[in-house]
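These notes are about the structure you will find just below.
Protein chains: 2
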Amino acid sequence: MTIQAGQQSAASPVASQQMRAALAALRDQPIPATSKGFGRLAAAGRAPGAANPSGANPGVGGPGAGGPGAGSPGAADGTAADSIVTSASLAGRRPYLLGPDFVLPVLVLREAAMRQNIAAMAGYCAAAGVGLAPHGKTTMAPQIFARQLAAGAWGMTAATIAQVQVYRAFGVPRVLIANELADRGAIGWLAAELAADPGFECYAYVDSAAGVRLLDDSLRAAGARRPLPVLVELGQQGGRAGCRSMDEALAVAKATAAAATLRLAGAAGFEGNIHGDSAAATAAAVAAFCRDLRTLGDLLPADPAGTPHLLSAGGSAYFDIVARELTAARPGHSRPEVLIRSGAYVTHDHGLYAAIGPGAGQPGRTGPALVPALELWAPVLSRPEPGLAVASAGRRDTGVDQGLPVPLRIRHTGGRETPAGRLRVTKLDDQHAHLSVPEESPLAPGDLICLGISHPCTTFDKWRVIPVADEEYRVIDAIHTFF
Amino acid sequence: MTIQAGQQSAASPVASQQMRAALAALRDQPIPATSKGFGRLAAAGRAPGAANPSGANPGVGGPGAGGPGAGSPGAADGTAADSIVTSASLAGRRPYLLGPDFVLPVLVLREAAMRQNIAAMAGYCAAAGVGLAPHGKTTMAPQIFARQLAAGAWGMTAATIAQVQVYRAFGVPRVLIANELADRGAIGWLAAELAADPGFECYAYVDSAAGVRLLDDSLRAAGARRPLPVLVELGQQGGRAGCRSMDEALAVAKATAAAATLRLAGAAGFEGNIHGDSAAATAAAVAAFCRDLRTLGDLLPADPAGTPHLLSAGGSAYFDIVARELTAARPGHSRPEVLIRSGAYVTHDHGLYAAIGPGAGQPGRTGPALVPALELWAPVLSRPEPGLAVASAGRRDTGVDQGLPVPLRIRHTGGRETPAGRLRVTKLDDQHAHLSVPEESPLAPGDLICLGISHPCTTFDKWRVIPVADEEYRVIDAIHTFF
């Protein structure tokens, strides 16, 4: 049986009452005045000069506690004082991102790009015959999870129990924990959560007999009532977790099948850490790893109840190769149920994934047409040397682990925009960007720089509330993150 | 006049009713079940399996909405279900950090170490005759700000208006913005905030005539009612912001003095980006820069009303050199009012600041006795190769920009602790640590690794609520951050 997007959607209660209610509450939650970027708009309702714990600390007083006040240091356009600011209220307000309502630097999520990416990936997976369990660690944003699930995702992927706890607080019904579990207390929490909600389905990884014992013991100690489905993880020598040989993986599978609290549910791996000497060498090594994973899946003992095994791999860089290799016809074997776990596709980027993702036009690569959805806007603070500008954006505002942000455009005082040209970010401090500037450039304090980012995962986690803008930079929504 | 810690404390309303009320509300705010590490303890009160927006989203229903529930997947020790969890309630509960109440990985702030650092730094500054404006960007934790202010700090330093907005939401009365301002909307907010609260005192930097014009124009447009005190920033060639010559700085000072909305209040600089070929060369270059800054201060036109100028420098690495150079006797000049701005001292670290801070026993360096206060605890997930372990902690949990975390101890299953020995972190992914392990080590899944961190600024910002523990790892408080 092949997982189809439509089937997944039908099989999992993606729009459960529970999830809808939690998201509706989130969308009606006052955006705290302490949320970076929103400090002016969100503070419009508080009394001038007064400390406002209900603004500072979301909703201590509940909606209404931070209601309209007179004479507040509100937004210049007069619309912000109408009522408290929530994600839901922004669709009606439509404040301008680059006007006085928002405090810079600010990260913005472009709605049209995100919508395109979600649809393109759903279409790609349906056509490729693979299921999608988007890695929620990228955004940790339940509002985005809901859109991914509504587009047909099988469920959400998580890296840690802490992430699962966020997912469960918002009613996500099906979770793949793409990781071993080794925190006994956390496993106890998971057992209780599974016992409390028969509709909650959760998968995890195992890669050693010791890990199987730890998981089995912890689940027993917690009085687990139904077996936890687990995937045997295959790794690479010098890589991260995962068994280093087929024999080892099959031994772990055997130990799993013998553990009363576990159910052997398939095999998984992660190809995102594989690096070759060239793009072609990396692609070949990724493909070879996927074929090994496929072989492991073929060799696993069948589930006693006949439940088909899952086969999962696929980060955000090489998921096209994963899909191709794991679904390829193999004489004498049925096509497995394949789950890919890409997370970064939802916003793509102007750096890492633009360079190595399947949309980058690399030879032999196929994939959905993804477009970058995140931009970071920052004002120039200083032009202290002819070749140097300093802008107000730093490591606190964007990930730098996969490369520095990329200047896209300059918005000059007065509103005229020009391409960034030879402007380059050379270094980020905690709160500052150092930019190399052509000496003849008129770039001056107060000009705004629009930066593309590299690696959405470590950019989302710098922001608690992210404005969502239309193509005219009117803010029509805001996404809450839970890192 | 020399700033004395005691005088600062008396001069600024550090324990204003406003700040006390905001902090009391924060301490009584339910810790969301979505707070990393607290997912089990904080969820104890919610109905099993139910989405809980009031837990997920701090306090939508206000205190009490997430009250005790029966049959919840609560903590194993039975204490957690007594009532909702707040910072204030933890002093009575005293849950054990390394037991089932907390979900790993978890960052912990050791109370005794933090207390020592705050007291040591206050004592150091008083003895050195310098004021302390701790950089709040390190922790963005108003609960910590209050302790720094209560220990005599002059006020808080901020890098951005967004940070000032957090400070103001908690009633911080005096703020040094150690940065130029170039976001017109944000400057408008600041003008309104200053107009609304005559007790609010705020300083910012200027480093160009263009910046002075932008600030003056924006303050005029906002109808600013009292002049904003600004410090002329002196920089270094190849450095960050700041004037590159004395002449340039004096020209900016002149432009400032001529701007009706500004008041020339002194000079400032940042020595933390200065690097020499050796520790001694760096120290010498830092000292030379501080002497230039001192000279600039001496050359500035006096304030027409006779208000003494401020002179500020001092990050967390070289503040002892700053204090020495800026307070050194100069024939014919009075001793200036010096403000240092260290932020990281409050927790110190096991990396960058342990190596280059004044407590590191470097020749010719003097400083307070600081001790590392932050630890990151993570379980081993996998030992896939004899020389490799994988633990559940990554870039999402600790800063890596100034070096990888340092294994301190291993807590084996059963509770026995051993020194980390030759264990090393070799790489961090988003959610995983790769550790080099001596092949003979018995390290196994479920063992816990206690990691010291490098660079508290980029570690605090990975956590929204941080447990504070006593020396027996009983959690007695929790710190909310606002990044």
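In the order they appear, the protein sequences are chains A and B.
Start counting the first sequence at 19; every next residue gets the next number (this note's numbering).
Start counting the second sequence at 19; every next residue gets the next number (this note's numbering).
Just so it is clear, CB atoms sit at the ideal spot from N, CA and C, and this is done for glycine as well.
Check each candidate in the options and name the one with the smallest Cα separation from residue i.
i	options	result
T274/B	R112/B, P247/B, L208/B	P247/B
Q449/B	K480/B, E458/B, D465/B	K480/B
E355/A	A151/A, A40/A, S472/A	A151/A
G437/A	A164/A, G377/A, L199/A, P460/A	Checking the sequence shown, residue 437/A turns out to be Pro, not Gly. That would be P460/A, whose Cα lies nearest to the Cα of P437/A.
H502/A	Q47/A, E129/A, R413/A, I428/A	Look at the range of chain A in this structure, 19 to 501, and you will see that residue 502/A is not part of it.
G417/B	G405/B, L394/B, G433/B	L394/B
P390/B	I49/B, A372/B, G405/B, P376/B	A372/B
I179/A	G57/B, G284/B, L232/B	G57/B
G350/B	L329/B, A331/B, T313/B	T313/B
A286/B	A347/B, F337/B, G253/B	G253/B
L232/B	F163/B, G405/B, I136/B, R202/B	R202/B
P326/B	R281/B, A362/B, V364/B	R281/B
P381/A	L59/A, G405/A, S360/A, S296/A	S296/A
V270/A	P216/A, E198/A, A331/A, R243/A	E198/A
A61/B	K445/A, G361/A, E211/A	E211/A
Is it buried or exposed, residue i, if we count other Cβ atoms within 10 angstroms and call 16 or more buried?
i	result
G514/A	Outside the displayed range of chain A (19 to 501) lies residue 514/A, so it cannot be described from this structure.
A320/B	exposed
T345/A	buried
P191/B	buried
A69/B	Only weak support exists for where A69/B lies, its pLDDT of 42 falling under 50; the value from the coordinates is given anyway. It is buried - the Cβ of A69/B has at least 16 other Cβ atoms within 10 Å.
S90/A	Confidence is the limiting factor: at S90/A the pLDDT is only 34, short of 50, which leaves the residue's position unreliable, though a coordinate-based value still follows. Classification of S90/A: buried, given that the 10 Å Cβ count is 16 or more.
P322/B	exposed
D265/A	exposed
S105/B	buried
S352/B	exposed
E458/A	exposed
E489/B	exposed
Using a Cβ-based criterion (distance less than 7 Å to any ligand heavy atom), does residue i qualify as near the ligand PLP?
i	result
T431/B	Absence of the ligand PLP is noted for the structure shown, with no ligands found whatsoever.
Going by beta carbon distance, what residues of the same chain come within less than 7 Å of residue i, once the five residues before and after it are set aside?
i	result
D462/A	It is worth fixing the name first, because residue 462/A is Ala in this sequence and not Asp. Correct list, in chain order: V398, R401.
L237/B	I205, A209, L246, T279
Q420/A	G369, L370, S472, H473
I339/B	A301, V304, A305, C308
Y142/A	G385, P386
S226/A	V270
For residue i and residue j, what's the separation of their Cα atoms in angstroms?
i	j	result
I507/B	T477/B	A question about residue 507/B goes unanswered here, because the residues of chain B that appear run from 19 up to 501.
L268/B	D316/B	11 Å
A213/A	T52/B	20 Å
R258/B	A451/A	9 Å
D415/A	Q183/A	25 Å
A140/B	V443/B	34 Å
G284/B	A138/B	27 Å
L318/A	G377/B	58 Å
A169/B	G324/B	28 Å
G117/B	R342/A	44 Å
D234/A	C220/A	15 Å
L329/A	L249/A	8 Å
I195/B	C261/A	52 Å
R429/A	Y363/A	28 Å
M174/B	G375/A	44 Å
L422/B	I292/B	22 Å
When you compare the CB positions of residue i and residue j, do they come within less than 8 Å of one another, or not?
i	j	result
G294/A	A302/A	yes
W16/A	V121/B	Beyond the ends of chain A as shown, which are 19 and 501, falls residue 16/A; an answer cannot be given.
F218/B	M37/B	no
A396/A	L466/A	yes
E251/A	V230/A	no
L357/B	V126/B	no
Who are the Cβ neighbours of residue i in its own chain at under 8 Å, not counting the five residues just before and after it?
i	result
T499/B	T157, M158, A159, F478, D479, W481, R482, V483, I484
G464/A	P397, V398, T431
K272/B	P319
Skipping 5 residues on each side, what residues in its chain have a beta carbon closer than 6 Å to that of residue i?
i	result
L426/A	A438, C468, G470
D55/A	As written in the sequence, residue 55/A is Gly, which differs from the Asp given in the question. For G55/A, where only same-chain residues beyond five positions count, the Cβ hits under 6 Å are F120, V121, V124.
A407/B	V398, R401, L453, V455, L461
R440/B	P456
Y336/B	E289, V304
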